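In terms of this note's numbering, the sequence shown opens at residue 41 and continues consecutively.
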Amino acid sequence: MNLNSKIAIITGASSGIGAQFSKDLVERGATVYGIARSTEKLNKLHELLGALFKPITLDITKPEDVQNWVDSTFGPKHLPDVLINNAGLGYFANVDELNLDEWHKMLNVNLSGVFYITRLIVPHMKENENVTHIINIASIAGLMGNPKISAYNATKFGLRGFSDALYKELRHDGIKVTCFFPGSIATHFFDNIDEVDLHSNMMQPEDVSSSVLHVLETPDNYLINEIVLRPLNPKSPG
Ligand SMILES: NC(=O)c1ccc[n+]([C@@H]2O[C@H](COP(=O)([O-])OP(=O)(O)OC[C@H]3O[C@@H](n4cnc5c(N)ncnc54)[C@H](OP(=O)(O)O)[C@@H]3O)[C@@H](O)[C@H]2O)c1
41 MNLNSKIAII TGASSGIGAQ FSKDLVERGA TVYGIARSTE KLNKLHELLG ALFKPITLDI
101 TKPEDVQNWV DSTFGPKHLP DVLINNAGLG YFANVDELNL DEWHKMLNVN LSGVFYITRL
161 IVPHMKENEN VTHIINIASI AGLMGNPKIS AYNATKFGLR GFSDALYKEL RHDGIKVTCF
221 FPGSIATHFF DNIDEVDLHS NMMQPEDVSS SVLHVLETPD NYLINEIVLR PLNPKSPG
């Protein structure tokens, strides 16, 4: 896909890798609808990126709000080309210590939110004569379980299953689906988490974004359906 003049939706655009994806897609000439709950952070990004970045204050866990936004934004003359399901959060604790509120928040954002928006964007992508692309940001935690992150594991394994089924279902409609499984990335994701061993040699958002751009820009009849990303050396050399 040539990203110039394309229409993209990025959830979790207000910080971390979502903000980086937004910057890189805007630089390629795409219009980006950047979704998150924090209006202030989105507006700052708007000031930085200019008119091609459209800040959208939206909580993806509220299906009626998602429906209203999709219905009022897209139609036959304005069809989305790219959806990046990136919004996500993690609460890490032993299974007998994680509370129900944290379990539900993770399920609601990492899985239900992805479902709410994807099911409404897909019909518009089916109408689009161009090849379109859905990218789901899972995690290395979608491929391997580990102590203290069982609930987060469950959501990201779930996202893998959703993505695997979707690529098989939607390939016949000209819709690519790719699931990303990144290891640790230097973002604010870990700010409220003291249950994991943080290290100082994480991947950088711009490196992860360069792989997203690569996957998006592949030729139409070429699909990378899964991609695993890791720091080469997760502990700082020396
Ligand atoms: N950092 C890592 O090491 C790492 C590794 C593997 C995978 N990931 C995945 O990468 C994705 C992005 O994480 P990040 O590292 O960039 O973390 P981050 O900086 O904390 O970004 C998370 C984003 O999700 C948005 N968000 C959370 N709840 C939302 C909701 N209900 N509705 C709309 N937006 C919501 C947040 O915006 P608001 O708070 O403004 O709503 C924020 O923009 C997540 O899915 C995460 O699981 C991260």
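Note that CB positions come from ideal geometry on N, CA and C, so glycine has one too.
As the structure is a prediction and not an experimental result, all values here were calculated from the model.
Buried versus exposed call for residue 184 [16 or more other C-beta atoms within 10 Å across all chains shown]: Counting from 1 along the sequence shown, the entry for residue 184 is found at position 144. Classification for residue 184: exposed.
Closest to residue 133 by C-alpha separation, out of 190, 65 and 255, would be which residue? The residue given as residue 133 occupies position 93 in the sequence shown. If we check each option's Cα against that of residue 133, 190 comes out closest.
Taking the straight line between their C-alpha atoms, what separation do you get for residue 267 and residue 140? What you label residue 267 is simply residue 227 of the sequence shown in a count that begins at 1. What you label residue 140 is simply residue 100 of the sequence shown in a count that begins at 1. If you take the alpha carbons of residue 267 and residue 140, they lie about 31 Å apart.
Mind checking whether the beta-carbon of residue 228 lies closer than 7 Å to any heavy atom of ligand 1? In the sequence shown, residue 228 corresponds to position 188, counting from 1. Yes, ligand 1 has a heavy atom inside 7 Å of this Cβ.
Which runs of the beta strand (DSSP E) fall wholly inside the segment 147 to 216 and span at least 3 residues, in chain order? 172 to 177
Would a C-beta distance cut-off of 8 Å place residue 178 and residue 159 closer than the cut-off? Position 138 of the sequence shown holds residue 178. Position 119 of the sequence shown holds residue 159. Cβ distance not < 8 Å, so residue 178 and residue 159 don't count as in contact.
Given residue 118 as reference, the closest of 71, 229 and 149 once Cα atoms are compared: Counting from one through the sequence shown, the residue named residue 118 turns up at place 78. Of the listed residues, the one whose Cα sits closest to residue 118 is 71.
Locate the beta strand (DSSP E) running through residue 93, then write down its first and last residues. For this step, residue 93 is matched to residue 53 along the sequence shown. 93 to 97 is the extent of the beta strand (DSSP E) around residue 93.
Taking its Cβ as the centre, do 16 or more other Cβ atoms sit within 10 Å of residue 250, making it buried, or is it exposed? Looking up residue 250 in the sequence shown gives position 210. Under this definition residue 250 is an exposed residue.
Please classify residue 59: does DSSP put it in a helix, a strand, or coil? What you label residue 59 is simply residue 19 of the sequence shown in a count that begins at 1. Note: residue 59 maps to helix in three-state DSSP.
Check residue 21 in the structure and name its three-state DSSP category. An answer regarding residue 21 cannot be provided, because it is not within the stretch 41 to 278 covered by the chain.
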